[in-house]
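Trainee:
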Amino acid sequence: MTSKDGAGALDAGSYDFIVVGAGSAGSVLAARLSESGRYRVLLLEAGPADRNPWIHLPMGYSKLYADARYNWMYESEPEPGLNGRTSYQPRGKTLGGSSSINGMMYVRGNRRDFDDWAKAGCSGWSYDEVLPYFRKAEDQSRGADAYHGVGGPLKVSDQSFDRELPNALCAAARQAGLADNPDFNGAEQDGFGYYQMNIHKGRRWSAARGYLAPARRRPNLRIVTGALTERLIVSGQQVQGVRYRQNGQLYEARGRETVVSAGTIASPQLLMLSGIGPAGPLASLGIDCIADRAEVGANLQDHTCIQLMFRCTRPITVNDLANSLVRKAAAGLQYLFLRSGYLAETGIYVGGFARSDPSLDRPDVQMAMAAWTVAERSIKGARPHPFSGFSFSPEHVNPDARGTIQLRSADPAAPPRIQFNFFQSDYDINAMLFGIRLVRRITEQPAIQPYIAGELQPGREVRSDAELIEFIRDKAGSDIHAAGTCRMGADANAVVDARLRVNGVGGLRVADASIMPRVVRGNTHAATVMIGEKAADMMLEDTKSSV
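Quick note on my numbering: the sequence shown kicks off at 572 and runs consecutively.
1. Tell me which residues share the same chain as residue 747 and place their Cβ nearer than 6 Å to its Cβ, disregarding the 5 neighbours each side in the sequence.
2. In the DSSP assignment, find the beta strand (DSSP E) that holds residue 674 and state where it starts and stops.
3. Could you give the residue range of the beta strand (DSSP E) that holds residue 587?
4. Taking a contact to mean a Cβ-Cβ separation below 8 Å, would you say residue 802 touches residue 814 in this structure?
5. Check the C-beta distance from residue 1056 over to residue 790 and give it rounded, since I have them as a contact under 8 Å.
6. Which value, in whole angstroms, describes the spacing of the CA atoms of residue 989 and residue 974?
7. What's the C-alpha gap between residue 1196 and residue 795?
8. Taking all protein chains shown into account, decide if residue 904 is buried (16 or more other Cβ within 10 angstroms of its Cβ) or exposed.
9. Could you check where the alpha helix (DSSP H) with residue 737 kicks off and where it finishes?
10. Report the partner residues of residue 725 according to the DSSP bridge assignment.
11. Output yes or no for whether 8 Å exceeds the beta carbon distance between residue 1009 and residue 965.
12. Compare the Cα-Cα distances from residue 704 to each of 722, 1045 and 888 and report the closest residue.
13. Near residue 902, which residues of its chain fall below 7 Å by C-beta distance, leaving aside the five closest residues on each side in sequence?
14. Among residues of its own chain, excluding the 5 on either side of residue 1024, which ones have a beta-carbon nearer than 7 Å to its beta-carbon?
15. Would you check if there are 3 or more beta carbon pairs closer than 8 Å linking the segment 657–666 to the segment 634–647?
16. Which two residues bound the contiguous alpha helix (DSSP H) that contains residue 855?
17. Should the segment 734–752 be called in touch with the segment 686–698, which here means at least 3 C-beta pairs below 8 Å?
18. Around the Cβ of residue 584, are there at least 16 other Cβ atoms within 10 angstroms (buried) or fewer (exposed)?
19. What first and last residue would you give for the alpha helix (DSSP H) that runs through residue 835?
20. Just to check my reading of the structure: residue 985 and residue 979 have Cβ atoms closer than 8 Å, yes? What is that Cβ distance to the nearest angstrom?
21. Go through the segment 607–653 residue by residue and report every complete run of the beta strand (DSSP E) that reaches 3 residues or more, in order.
22. Could you work out which residue in 995, 939, 858 and 899 is closest to residue 675 when comparing CA atoms only?
23. When you compare only the Cα positions, how much space is there between residue 730 and residue 772?
24. Does the beta-carbon of residue 950 have 16 or more other beta-carbons within 10 angstroms, so that it is buried, or is it exposed?
25. Quick one, which of 960, 1066 and 812 has its alpha-carbon nearest residue 869's?
26. Look at the Cβ atom of residue 611, then the Cβ atom of residue 587, and state whether they are nearer than 8 Å.
27. With a 10 Å radius around its C-beta and 16 neighbouring C-beta atoms as the bar for buried, classify residue 867 as buried or exposed.
28. Could you give the C-beta distance for residue 1071 and residue 1058, rounded to a whole number, given that I count them as a contact under 8 Å?
29. CB residue 1092 to CB residue 812, shorter than 8 Å?
30. Let's see if you can read the secondary structure: which residues bound the beta strand (DSSP E) around residue 938?
31. Would residue 874 pass as a contact of residue 1090 if the rule is Cβ separation under 8 Å?
32. For residue 1064, count neighbouring Cβ atoms within 10 angstroms of its own Cβ and tell me buried if that reaches 16, exposed if not.
33. Using only CA atoms, which one of 1044, 1110, 1096 and 1098 lies nearest to residue 652?
34. Have a look at residue 1035 and residue 781 and give me their C-alpha separation to the nearest angstrom.
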């Protein structure tokens, strides 16, 4: 960029490391890089501090779904595979990033996902090589074993209650032929059971709560909120720092190394705003190209999901809580005095993994049961049905679809163009068809039938492939697990190498879900924390070796 871009900028100091984004990876990086006290670290977060009580109340995540103070509230371009509908993309805009607004499920992905990364040339990223970082991060309520750790910053716990509806669904899954699986992050992923959560003593345990809260008072760590990073400062082919805006004032901070951890949508956006990306589109927006990297913003992947909804015969769902002032008051008192009850939970209890084709070497369909149904959902929020209900959603976690993140303009405050290209392949459609039929098979079993008064969505009359495909195109959407837009690899087109250094540019790394060559088969938060842990180790190793 030219020197005039920094006109009027105030000096924000010099640091050993600058971390852009305080999300699931950025929080880890800031804490680990500052841990020894030897290095000065600057952490920049565009959103505010995580003080809102809805962030810390597990059931409160529904209140953050459409709160622009803490949520970027992105929306995709119209998707041909969704009958021209757009796909809403909530993303965390506060300390902790999306780990402060997500559903708190702790699922790492399948072990073969990471082995595939290594086979694709990402040396050091096989399952056996990343498992120590999962264990290092974890404080597992069940205790340590070959797969789990204790004493780490991230609390992982069982759901501490006994609910009859999810218990009945587990029994129904067993009757439908699915194996019990008490640990989706252990030896095998296939099967059905309760999900573990990032909840501790009735409170959300975000990356900010686990990593930043204990580190916040370190004299060598500076955390700046409300700071939108507008550009990287680049001289020649070397990143020297960042320009960020806070309360209308522009600042410049210098760093020996900068790591971008702004997430799958914002990380490629920042690189492109800084002239690192496909030369043609950058030139069309008047951005000087520093490094012509065609794949910045490419390789966008996401899981897809669709809700099947069922009317429940008994008043034991979140709908019943939401529709009753008396129940709300009782739940509030229970939480206030005991830190238990519905408000200490997410309403997402059980689920599992299955293979749409028996020849597959691992599951490609995930399921999740939630103790609510919605009569209406929009970017403004959701309204539950006025009666008892639950939903049971199949999710396709091994998509063929590849999309893009592209700049809309050279304005850092303008949201980028997001195009997923959902359901463009037969495989993506067929995997979702399998998931729908599996969910129906489970809900037809004797153990769950006493709880079901009828199928609300799509309705039992919707049976044929053609009818179900139309249901998919009309109602399916993103599962909000986007990844891959700053792809890691050993080939010349990869955005980052196996040590997460941006190819063609010095002093710059990317560390978040955007570096995944292929999205993991599970909720992405756990794997993103692992990426942060491993990235911090690599950065510290490389810094020591260069001294």
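Glycine is no exception: its CB is placed at the ideal position from the N, C-alpha and C atoms. Since the structure is predicted, the reported quantities are computational estimates derived from the model, not experimental observations.
Mentor: Once the coordinates are examined:
1. Here residue 747 corresponds to residue number 176 of the sequence shown, with the count starting at 1. Cβ neighbours of residue 747 within its own chain (closer than 6 Å, five residues either side excluded): 1012, 1013 and 1016.
2. The residue you call residue 674 lines up with position 103 of the sequence shown. Unbroken run through residue 674: none, as it is neither H nor E.
3. As a first step, residue 587 must be located in the sequence shown, where it is residue number 16. First-last of the beta strand (DSSP E) with residue 587: 581–591.
4. Counted from its first residue, the sequence shown places residue 802 at position 231. Counted from its first residue, the sequence shown places residue 814 at position 243. With contacts defined by Cβ atoms closer than 8 Å, residue 802 and residue 814 form a contacting pair.
5. Counting from 1 along the sequence shown, the entry for residue 1056 is found at position 485. Counting from 1 along the sequence shown, the entry for residue 790 is found at position 219. Actually they are not in contact, since the Cβ atoms of residue 1056 and residue 790 sit about 35 Å apart, beyond 8 Å.
6. In the sequence shown, residue 989 corresponds to position 418, counting from 1. In the sequence shown, residue 974 corresponds to position 403, counting from 1. So the two alpha carbons sit approximately 8 Å from each other.
7. Given a span of 572 to 1118 for the chain in the structure shown, any question on residue 1196 remains unanswerable.
8. On the sequence shown, residue 904 is found 333 positions in, with the first residue counted as 1. Looking at its Cβ environment, which holds fewer than 16 other Cβ atoms inside 10 Å, residue 904 is exposed.
9. As a working mapping, residue 737 is identified with position 166 in the sequence shown. Start and end: 735–746.
10. The sequence position of residue 725 within the sequence shown is 154, counting from 1. For residue 725, which the question treats as bridged, DSSP gives the partners 709.
11. On the sequence shown, position 438 is the one that residue 1009 refers to. On the sequence shown, position 394 is the one that residue 965 refers to. Yes; because the gap between Cβ atoms is below 8 Å, this pair is in contact.
12. Reading the sequence shown from its first residue, position 133 is the one you call residue 704. Nearest C-alpha to residue 704: 722.
13. Numbered from 1 along the sequence shown, position 331 holds the residue referred to as residue 902. Cβ neighbours of residue 902 beyond the five flanking positions: 892, 912, 913 and 914.
14. To locate residue 1024, count along the sequence shown from 1; it is residue 453. Here the set comprises 882, 883 and 884.
15. yes
16. As a working mapping, residue 855 is identified with position 284 in the sequence shown. Taken as a continuous stretch (DSSP letters only), the alpha helix (DSSP H) holding residue 855 covers 850–855.
17. no
18. Here residue 584 refers to the residue found at position 13 of the sequence shown. By the 10 Å Cβ count, residue 584 comes out exposed.
19. Residue 835 sits at position 264 when you count from the first residue of the sequence shown. Residue 835 -> alpha helix (DSSP H) spans 834–844.
20. Your numbering for residue 985 matches position 414 in the sequence shown. Your numbering for residue 979 matches position 408 in the sequence shown. Cβ-Cβ separation between residue 985 and residue 979: approximately 5 Å, consistent with a contact (criterion under 8 Å).
21. The segment 607–653 contains these whole beta strand (DSSP E) runs: 612–615.
22. Taking the sequence shown and counting its residues from 1, the one referred to as residue 675 is at position 104. Comparing Cα positions, the closest option is 939.
23. Position 159 of the sequence shown, counted from the first residue, corresponds to residue 730. Position 201 of the sequence shown, counted from the first residue, corresponds to residue 772. Each residue's Cα considered, the two are about 10 Å apart.
24. Here residue 950 corresponds to residue number 379 of the sequence shown, with the count starting at 1. The residue is exposed, with fewer than 16 neighbouring Cβ atoms inside 10 Å.
25. Against the sequence shown, residue 869 aligns to sequence position 298. Among 960, 1066 and 812, the Cα nearest to that of residue 869 is on 1066.
26. On the sequence shown, residue 611 is found 40 positions in, with the first residue counted as 1. On the sequence shown, residue 587 is found 16 positions in, with the first residue counted as 1. Contact flag set, yes.
27. As a first step, residue 867 must be located in the sequence shown, where it is residue number 296. It counts as buried.
28. For the purposes of this step, residue 1071 is taken as residue 500 along the sequence shown, with counting starting at 1. For the purposes of this step, residue 1058 is taken as residue 487 along the sequence shown, with counting starting at 1. At roughly 11 Å, the Cβ-Cβ gap does not stay under 8 Å, so residue 1071 and residue 1058 are not in contact.
29. As a first step, residue 1092 must be located in the sequence shown, where it is residue number 521. As a first step, residue 812 must be located in the sequence shown, where it is residue number 241. Going by C-beta atoms, residue 1092 is not nearer than 8 Å to residue 812.
30. For the purposes of this step, residue 938 is taken as residue 367 along the sequence shown, with counting starting at 1. It spans 936–941 - the beta strand (DSSP E) in which residue 938 sits, taken as one unbroken run.
31. In the sequence shown, residue 874 corresponds to position 303, counting from 1. In the sequence shown, residue 1090 corresponds to position 519, counting from 1. The answer is yes: Cβ separation under 8 Å.
32. Within the sequence shown, the letter at position 493 stands for residue 1064. Residue 1064 comes out exposed.
33. On the sequence shown, residue 652 is found 81 positions in, with the first residue counted as 1. Closest in C-alpha terms to residue 652, from the list 1044, 1110, 1096 and 1098, comes 1044.
34. Mapped onto the sequence shown, residue 1035 falls at position 464. Mapped onto the sequence shown, residue 781 falls at position 210. Going from the Cα of residue 1035 to the Cα of residue 781 covers about 48 Å.
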